[in-house]
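Numbering (the numbering used here), first residue to last: 2 to 427.
The block underneath contains the structure these notes are about, expressed in structure tokens.
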RNA sequence: GUGGGAGUAGCUCAACUGGCAGAGCACCGGACUGUGGCUCCGGUUGUUGCGGGUUCGAUUCCCGUCUCCCACCCCA
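So, in structure tokens, the structure goes:
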């Protein structure tokens, strides 16, 4: 048997109803903040991610699905292509390519699959889905304003509430601009140098390669040492400090609760200033529902104009897991099960189904070879509200038997009143 | 990439130290020709993840492999 390959999975009904519920709500909520959808290709030039996400990140250095194109044209020959591991680089590439800066401030969102070659576990798949949004534009359009950071975070809080996700936590930090991080990295290295020998193996490696990651360490023995390390908040320059201060102020006045976490660092190279994560307890070790932050230098590093931006990505698989609702609650059941009774009734039944469906009634259609008993049973199992009996008596008189499958009550309804009778109960 | 656990019917799970693969639920048919949910009877439940090995005999023991789950790394 051919099976879905490692780290990929089929989403089947009724679960797909949950995904549709999430995506529909996302469209409504983001739409209210004047975000518009963008769709970028599923694969891009490998170079885009190497330059955008960062050559040294785990994503680029060991998790990408990359292959060499076999095109014969000179322009395609030996071109390295990669299934997108995230979508921000693609959005910024499209922004640059189509000169979207001419449109002022862009507020874009996307929903789609991403690919990373990691070992699968709870909340982690090789093909996974992200819902993301980006606010990007020239500084004169207000893209750099702390208002954008706060608005984005407030929108996320609203979305989670609308979806019925309870018990989330917003963790907030500022990781400063590039110069701040360079000074901070240096300070961390110096602070770690005398103590790193007492730390775990991972930390000893991080202390040299990427000191910021030391803060991810979960080894209990290392925590007292980590507590003593200098904090990024002490290394922010004045503009960054003020920017972060305003983000916090606006957020507070908007009534969005948050927790400061100066150990929160983002893993992709392009992040600057505001960094955040929404976490949820029901997710196991992969407890981040979504993460994001500012990326004021990303466009330039991809050869584009200097356009500040901020964005986030939601792990849709994880979001669906943390949903309080069940698939049953968000599924639409048939309003009516149409039961043709006896030879020749199929033709009548499909005409009735067509009329009712045009009234936005969900109708399931039986078959004339079914006995009435089987039809009623089938309708019940499907969760239909009514059974509509289509027999010779009904067709000849134009008055149909409409049975409420929950109560057993049955009444006679004229053909032109059927839609009204069925919809009355919706 | 590393470590641990698990794979038996559509689902949840049994099967002593190696001895005829089972139960519940679900599904299909009948009792019951135009009125369901209850009851009774009957039926399929199946390459025991896959491939090898040991054995008279393997779901069971051994080796390999695949997948899933949990954790690490890292991220959403």
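All residues carry an ideal CB built from backbone N, CA and C; glycine is no exception.
Since this is a predicted model, take the numbers as computed values, not measurements.
Exposed or buried, what is residue i when buried is set at 16 or more other beta-carbons lying within 10 Å of its beta-carbon?
i, result
"residue 197", "buried"
"residue 65", "buried"
"residue 2", "exposed"
"residue 102", "buried"
"residue 310", "buried"
"residue 238", "exposed"
"residue 341", "buried"
"residue 319", "buried"
"residue 370", "exposed"
"residue 225", "exposed"
"residue 212", "buried"
"residue 221", "exposed"
"residue 191", "exposed"
Let's see if you can read the secondary structure: which residues bound the alpha helix (DSSP H) around residue i?
i, result
"residue 49", "47–53"
"residue 153", "147–164"
"residue 403", "Careful: residue 403 lies outside any alpha helix (DSSP H), inside the beta strand (DSSP E) at 400–405."
"residue 251", "239–255"
"residue 56", "Per DSSP, residue 56 belongs to no alpha helix (DSSP H) and is neither H nor E."
"residue 344", "Where residue 344 is concerned, there is no enclosing alpha helix (DSSP H), given that its DSSP letter is neither H nor E."
I need the DSSP call for residue i, collapsed to helix, strand or coil.
i, result
"residue 110", "strand"
"residue 211", "coil"
"residue 37", "strand"
"residue 288", "coil"
"residue 362", "coil"
"residue 428", "The chain is shown only over 2 to 427; residue 428 falls outside these bounds and no answer can be derived."
"residue 271", "coil"
"residue 225", "helix"
"residue 327", "coil"
"residue 1", "There is no way to answer for residue 1, as the model of the chain reaches only from 2 to 427."
"residue 6", "coil"
"residue 135", "strand"
"residue 305", "coil"
"residue 371", "coil"
"residue 219", "coil"
In whole angstroms, what separates the C-alpha of residue i from that of residue j?
i, j, result
"residue 133", "residue 37", "11 Å"
"residue 420", "residue 353", "10 Å"
"residue 407", "residue 88", "47 Å"
"residue 17", "residue 281", "22 Å"
"residue 321", "residue 290", "10 Å"
"residue 264", "residue 298", "22 Å"
"residue 114", "residue 40", "11 Å"
"residue 165", "residue 108", "25 Å"
"residue 351", "residue 324", "38 Å"
"residue 216", "residue 83", "30 Å"
"residue 415", "residue 400", "4 Å"
"residue 193", "residue 56", "24 Å"
"residue 269", "residue 294", "10 Å"
"residue 187", "residue 12", "47 Å"
"residue 135", "residue 123", "27 Å"
"residue 94", "residue 111", "14 Å"
"residue 307", "residue 147", "17 Å"
"residue 337", "residue 386", "6 Å"
Taking only heavy atoms of the ligand NAD into account, decide whether any of them is closer than 6 Å to the Cβ of residue i.
i, result
"residue 92", "As presented, the structure is devoid of all ligands, the ligand NAD included, so that no description of it is given."
In the DSSP assignment, find the beta strand (DSSP E) that holds residue i and state where it starts and stops.
i, result
"residue 391", "387–391"
"residue 88", "From DSSP, residue 88 is part of no beta strand (DSSP E); its letter is neither H nor E."
"residue 413", "411–415"
"residue 196", "Counting along the chain, residue 196 falls outside any beta strand (DSSP E), and DSSP gives it neither H nor E."
"residue 340", "337–341"
Who pairs with residue i in a beta bridge, going by DSSP?
i, result
"residue 169", "281"
"residue 294", "276 and 312"
"residue 69", "81"
"residue 116", "128"
"residue 260", "172"
"residue 122", "125"
"residue 44", "84"
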